[in-house]
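> Protein chains in written order, with our numbering: chain A, 169 to 245; chain B, 95 to 342.
The structure follows.
This is the structure in structure tokens:
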């Protein structure tokens, strides 16, 4: 009986732990993906601005504004 | 006797006029975004970056409606900076972007005696003061004249080199009757104050002109690290190299 209870305890504890860990990892992956996605778009936008003749100083600020707005809404919509 | 009286009268009239002539004052400028879809290339217009650009430009266009700058000047010096707008209600970001769009951010100082200008502003997260010498010869004064309110203004042009290597023409309308050679956003050196300035996609125009016989004090102690043009370019290059955004 004790053995069964102990096995059950271990199963539940590790099960919950592993599940939580997986969830955290998934969240980090989504955030990482959103960041990379937004960053790629912001960099593309930055280069577009340079091609349009916008100075590097202004292009940096504008691409940054875009990056922050993109991250705020959770990635490219 | 009559001649003496006439000379006496003339002497006083001329003296009085020359003393009362104003060499100080201030001009309040407004700004308008004039850009439309000037890209004739359809593929470009439909590109997502063009859409982002248009969206940002529309926000800047709105904020530009409430933005004003003040140019304060005495006989030899002037300062130029954006006025604080107290009715922004959370729109500060777009307001700053609107000023940034025309290089109207920060504070400027210019002396017509030395032809040296200072521009204190934030570049790549650092407060710097760009020291620039002004070349009046770069202006081409045309014969075109128009009325700007009560002032007669003359058209002058200057070539501007954009960062993509293309050229743009800056158009300034200046009033010779305001003899100070000052203007907005770092454009100086014409034989009269600039009342209207056309950039690539914007216009800066005088909304209020007030001349005074008082000698205005102009602030020339600007905050930031002073850099000449070569130092500024070096600093910008390094900042771009260390930035999260890299040019292609």
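C-beta atoms are modelled at their ideal positions from N, C-alpha and C, and glycine is treated no differently.
For the beta strand (DSSP E) containing residue 242 of chain B, name the first residue and the last one.
The residue labelled residue 242 of chain B in the question sits at position 148 within the second chain. 234-242 is the span of the beta strand (DSSP E), which, as asked, contains residue 242 of chain B.
> Could you check where the alpha helix (DSSP H) with residue 291 of chain B kicks off and where it finishes?
As a working note, residue 291 of chain B is residue 197 in the second chain. Element bounds for residue 291 of chain B: not the alpha helix (DSSP H) but the beta strand (DSSP E), 287-292.
> Do residue 309 of chain B and residue 168 of chain B have their beta-carbon atoms positioned less than 7 angstroms apart in this structure?
If you number the second chain from 1, residue 168 of chain B lands on position 74. If you number the second chain from 1, residue 309 of chain B lands on position 215. Taking 7 angstroms as the Cβ cut-off, residue 168 of chain B and residue 309 of chain B qualify as a contacting pair.
> State yes or no: is the beta carbon of residue 163 of chain B nearer than 7 angstroms to at least one beta carbon in chain A?
What you label residue 163 of chain B is simply residue 69 of the second chain in a count that begins at 1. Judged by the 7 angstroms Cβ criterion, residue 163 of chain B is not in contact with chain A.
> Is the CB-CB distance between residue 255 of chain B and residue 261 of chain B below 7 angstroms?
As a working note, residue 255 of chain B is residue 161 in the second chain. As a working note, residue 261 of chain B is residue 167 in the second chain. The answer is yes: Cβ separation under 7 angstroms.
> Evaluate contact between the segment 313-326 of chain B and the segment 295-303 of chain B, counting only Cβ atoms and requiring at least three cross-stretch pairs below 8 angstroms.
With the cut-off at 8 angstroms, the segment 313-326 of chain B and the segment 295-303 of chain B do not touch.
> Here's a check: name, in chain order, each residue in its chain whose Cβ is nearer than 6 angstroms to the Cβ of residue 195 of chain B, leaving out the five neighbours to either side.
The residue labelled residue 195 of chain B in the question sits at position 101 within the second chain. Contacts found: 154.
> With a 10 Å radius around its C-beta and 16 neighbouring C-beta atoms as the bar for buried, classify residue 282 of chain B as buried or exposed.
Numbered from its first residue, the second chain carries residue 282 of chain B at position 188. When all chains shown are included, residue 282 of chain B counts as buried.
> Whose C-beta lies closer than 6 angstroms to the C-beta of residue 274 of chain B among residues of the same chain, with five residues either side of it excluded?
Mapped onto the second chain, residue 274 of chain B falls at position 180. For residue 274 of chain B, where only same-chain residues beyond five positions count, the Cβ hits under 6 angstroms are 167, 287.
> Please list, in chain order, the chain B residues whose beta carbon lies closer than 8 angstroms to that of residue 210 of chain A.
The count along the first chain starts at 1 and reaches residue 210 of chain A at position 42. The answer, in chain order, is 339.
> Of all the CB atoms in chain B, is at least one closer than 7 angstroms to the CB of residue 203 of chain A?
Position 35 of the first chain, counting from 1, holds the residue named residue 203 of chain A. False, the Cβ-Cβ gap to chain B never drops below 7 angstroms.
> My assumption, with CB atoms under 8 angstroms, is that residue 272 of chain B sits in contact with residue 251 of chain B. Please give the rounded CB distance.
Indexing the second chain from 1 puts residue 272 of chain B at position 178. Indexing the second chain from 1 puts residue 251 of chain B at position 157. Not confirmed; about 20 angstroms, so no contact.
> So, for residue 295 of chain B: in the same chain, excluding its five sequence neighbours on each side, which residues have a beta-carbon less than 7 angstroms away from its beta-carbon?
Here the question's residue 295 of chain B lines up with position 201 in the second chain. For residue 295 of chain B, where only same-chain residues beyond five positions count, the Cβ hits under 7 angstroms are 127, 128, 129.
> So for residue 43 of chain B, helix, strand or coil by DSSP?
In the structure as shown, chain B begins at 95 and stops at 342. Residue 43 of chain B is therefore absent and cannot be evaluated.
> Which same chain residues, not among the five before or five after residue 170 of chain A, have their C-beta less than 6 angstroms away from its C-beta?
Walking along the first chain from the start, residue 170 of chain A turns up at place 2. Correct list: empty, nothing qualifies.
> Have a look at the DSSP bridge pairing and note the partners of residue 255 of chain B.
Within the second chain, the letter at position 161 stands for residue 255 of chain B. According to DSSP, residue 255 of chain B bridges with B:261.
> Relative to the C-alpha of residue 201 of chain B, which candidate in B:259, B:214, B:210 has its C-alpha closest?
Position 107 of the second chain, counting from 1, holds the residue named residue 201 of chain B. Nearest option by C-alpha distance: B:214.
> Round the Cβ separation of residue 198 of chain B and residue 163 of chain B to the nearest angstrom and send it over; I've been treating them as touching at under 8 angstroms.
As a working mapping, residue 198 of chain B is identified with position 104 in the second chain. As a working mapping, residue 163 of chain B is identified with position 69 in the second chain. The Cβ separation is near 6 angstroms, so the contact holds.
> Below 8 angstroms on C-beta distance, what does residue 221 of chain A contact in chain B?
Here residue 221 of chain A refers to the residue found at position 53 of the first chain. Result: 256, 257, 258, 260, 262, 294.
> CB-CB under 8 angstroms to residue 106 of chain B, same chain, minus the five flanking residues each way: which ones, in chain order?
Looking up residue 106 of chain B in the second chain gives position 12. Bear in mind that the predicted position of residue 106 of chain B carries a pLDDT of just 44, short of 50, making it too unreliable to give a figure here.
> For residue 114 of chain B and residue 307 of chain B, I'd like the C-alpha separation in whole angstroms.
Within the second chain, numbered from 1, the residue matching residue 114 of chain B stands at position 20. Within the second chain, numbered from 1, the residue matching residue 307 of chain B stands at position 213. The predicted model places residue 114 of chain B with a pLDDT of 43, which falls under 50 and marks its position as unreliable; any figure quoted below should be read in that light. Straight-line Cα distance between these residues: approximately 6 angstroms.
> Any idea what DSSP makes of residue 234 of chain A, helix, strand or coil?
Within the first chain, the letter at position 66 stands for residue 234 of chain A. If DSSP states are grouped into helix, strand and coil, residue 234 of chain A belongs with the helices.
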